[in-house]
Each structure stands twice: as C-alpha cells, then as structure tokens.
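Residue numbers (our numbering): 629 to 696.
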C-alpha cells in the first residue's frame with residue numbers, strides 16, 4: 629500500500645555502510661497471504677517487508693522492490 633519510508637531509510641543506510649543485500653524474495657506464505665517479503669544482508673541481518681521499498685545503489689540508481 630505505497631512506499632515504506634522508514635524501511636527504505638534503514639535499507640539504504642545498511643547499503644551505505646557496506647552491508648549489501650545478498651538475497652530477497654517472498655516469504656514461505658507467498659504472495660497470497662499479504663505479500664510479505666524479506667531482505668537478507670551480508671552481515672546476516674534479515675528484515676521482513678510488506679510494502680514497497682526504494683533502494684539506491686552506490687551510483688544513486690533507484691531499485692524498487694515491491695511485493696504488492
């Protein structure tokens with residue numbers, strides 16, 4: 629349901645600090661149970677997302693991860 633500002637800020641801070649995304653996708657429930665997804669980082673951190681996340685790479689190119 630739109631764009632998750634706080635989660636986007638968190639993810640971009642992780643990337644800026646060198647903690648890169650190693651995996652992302654839908655959780656085991658899949659898209660039918662509310663479109664919950666996850667993002668895993670190189671340090672082992674894993675976050676759950678249920679909304680659109682805007683990520684910027686080191687060249688400031690925008691990447692949108694959206695489970696809706």
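Virtual Cβ for every residue (Gly too), placed ideally from N, Cα, C.
- Residue 646 counts as exposed, since fewer than 16 other beta carbons sit within 10 angstroms of its beta carbon.
- In the structure shown, residue 636 falls within a helical segment according to DSSP collapsed to helix, strand and coil.
- Looking at the backbone, the Cα of residue 670 and that of residue 633 are separated by about 22 angstroms.
- Annotation: the continuous beta strand (DSSP E) that includes residue 674 extends over 674 to 677.
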